[in-house]
Each structure stands twice: as C-alpha cells, then as structure tokens.
Amino acid sequence: MARLLFFIIFGFLFLQLSYGQDKLNGRVFENKTRVPLSGIKIEDLKTHIVVRSDSAGRFSIGVKVGDNLSFSGFAYQTDTVYLTNLRYTEFFMAPKQNMLKEVKVLTPEIKTGSLTAPAEKGPFDSKSVLYQTDGSGNYIGGVKIMLWDSHSGEKQRQKEKKLADDEEMNQQIARVFSPQNIQNYLPLKGQELANFIILYNPDVKTYTSSRFNFLLYLDACYKKFLKIPAVERQSATYFQLVKKSG
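If you use our numbering, the sequence shown corresponds to residues 1180 to 1425, in order.
Okay, structure coming up:
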C-alpha cells in the first residue's frame, strides 16, 4: 500500500514538473501604434499562473497547448487567447475608449520633447541632418540624412548607424503621434490638434526611455495644454505669439 502511494505521489509530481517545463515567450503591443506595453497582466486561466510584461512588453509564462491566456491592463480591453502552439508570439491589445477620464498621473513631472534641435554638422561646417518639413516649411517629423564620403573609421560608422537608428525611431514616433492616432485618445481636432502635436511630440531620447509610458505622457501633456487659453491653443498663429511674447 505504501509503495502504491509512493508511485501515485511520484507520478503526480512528475506531471506537475513536466507541465512547468513548457514556456510561451511573447511580447505585448498596442494595436495600430505598435507601442510596447509594460505591466500587462498575463494569466493562464487553467493554472492561474500570472506574469506581467516588462518595460519592453516581453513576457514568459509556463503553459500548455490548449490553455487559455487572459491579457488585461489599465486602459486596455481585456482579451483571451486560446493557445494552439508555443511559438514566440506577438500579442496586440486595443485601448479602451475615453480612457483619459480615468488616467491618474503617477509621476510628478514628465519630460516633454524639444520642439527644435540643432542640426548635426559634418566636414567644413556642412549640415548632415535636416528635419523634414512640408511645402509650407512646417515640421512633419523624422529627419533627412545627408551622408558624405569618409574614411574616418569605426567612430564615423557608429555615428552613421546612430543617425540611421534615430531616423527609424523618428518615423515610428511620427506614426504614433500622427493626427489620426492622437484623435483616438484626445478630443482635439484641426489647428488645436496640430498645435498639441507640435508642442508635445517627444524626441527619441524621451520616447525610448524605460520610464516612458504613452498613456501617462499623453494625459500629462493634455492637462498642460488645457491650461493654455482656448483662443491661443486653437490659433494658427499660436507659435508666432509665443515667440513674440518671449
């Protein structure tokens, strides 16, 4: 009897260990913007094992094929996924509508991006980077890179790689902070929306910071924006007025 009990317990422990050996690795993004989501709760509804995504949206959880995973997080719609395999997978979550009414700023101050930046200069004081503008000279995000022949070695190649990486990141920022996307989160339109984006479009350093949170950043910027008189923030000449007053 004792021997039979031993085998039953051993078999149970073996099954438990074998179950825990299977892992699902994945990453969580916001749909459309592809912004990595941190702090998302991922729960196996069968075993009730819970993990949370890290600052880059990555997670790893012990599961089995056939389990159901629940994804939930502040300001995002809860979703459940049935697992048909354990390959690395990217998951996308949809934001809740009108969630800014519920957002609470957890940090006392959030750094906003600068509106302008000096262009990088190359040999003989030539400009190597120009910020992209439309036909009227308004900034539209991203940079134009002007490369020159150089044999300055590894240091120069690293500089060019950084410029290319920054260009790619600026393009992503431009997509995330486009009028079409910002309108999904804020009740702004027209000139008022354009002024908001110019004021608070973040730079690469701010956007790629491990502390950057898209929703908290928007909420903090929107509260600052509302402190500007409505006539001014809706004016097409707002930045000219600011420049003259300064």
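Glycine included, C-beta positions come from ideal geometry on N, C-alpha and C.
Quantities reported herein were computed from a predicted structural model and do not represent experimental measurements.
Please check the pair residue i and residue j, which I expect to be a contact at CB under 8 Å, by giving their CB distance rounded to whole angstroms.
i, j, result
"Val1383", "Asn1349", "6 Å"
"Ile1221", "Ser1234", "The pair is not a contact, with the Cβ atoms about 15 Å apart (cut-off 8 Å)."
"Asn1204", "Tyr1267", "5 Å"
"Phe1253", "Val1260", "Not a contact, Cβ separation roughly 19 Å."
"Gln1370", "Ser1414", "7 Å"
Taking the continuous beta strand (DSSP E) assigned at residue i, which residues delimit it?
i, result
"Gly1369", "Note, Gly1369: premise wrong, no beta strand (DSSP E); alpha helix (DSSP H) at 1369-1379."
"Asn1392", "No beta strand (DSSP E) holds Asn1392; DSSP gives it neither H nor E."
"Asn1204", "1202-1209"
"Val1244", "Per DSSP, Val1244 belongs to no beta strand (DSSP E) and is neither H nor E."
Can the beta-carbon of residue i be found less than 7 Å from the beta-carbon of residue j?
i, j, result
"Tyr1364", "Leu1397", "yes"
"Gly1241", "Pro1215", "no"
"Phe1238", "Val1230", "yes"
"Asn1380", "Phe1356", "yes"
"Leu1265", "Asp1201", "yes"
"Lys1275", "Gln1256", "yes"
"Pro1474", "Leu1372", "Within the shown structure, residues of the chain are numbered from 1180 to 1425, placing residue 1474 beyond reach of any answer."
"Tyr1401", "Ile1352", "no"
"Asp1223", "Asp1258", "no"
"Ile1228", "Phe1250", "no"
"Arg1336", "Asn1374", "no"
Got a sec, what are the start and stop residues for the alpha helix (DSSP H) residue i sits in?
i, result
"Tyr1267", "Tyr1267 -> no alpha helix (DSSP H), and no H or E assigned at all."
"Ile1219", "No alpha helix (DSSP H) holds Ile1219; DSSP gives it neither H nor E."
"Lys1225", "First-last for Lys1225: undefined, no H or E at that position."
"Gln1416", "Residue 1416 is actually Thr in this sequence, not Gln. Where Thr1416 is concerned, there is no enclosing alpha helix (DSSP H), given that its DSSP letter is neither H nor E."
"Gln1350", "1333-1355"
"Asn1363", "Counting along the chain, Asn1363 falls outside any alpha helix (DSSP H), and DSSP gives it neither H nor E."
"Lys1384", "1383-1386"
Is residue i near the ligand FAD, judged by its Cβ being under 6 Å from some heavy atom?
i, result
"Tyr1364", "Looking for the ligand FAD in the displayed structure turns up nothing, as the structure carries no ligands at all."
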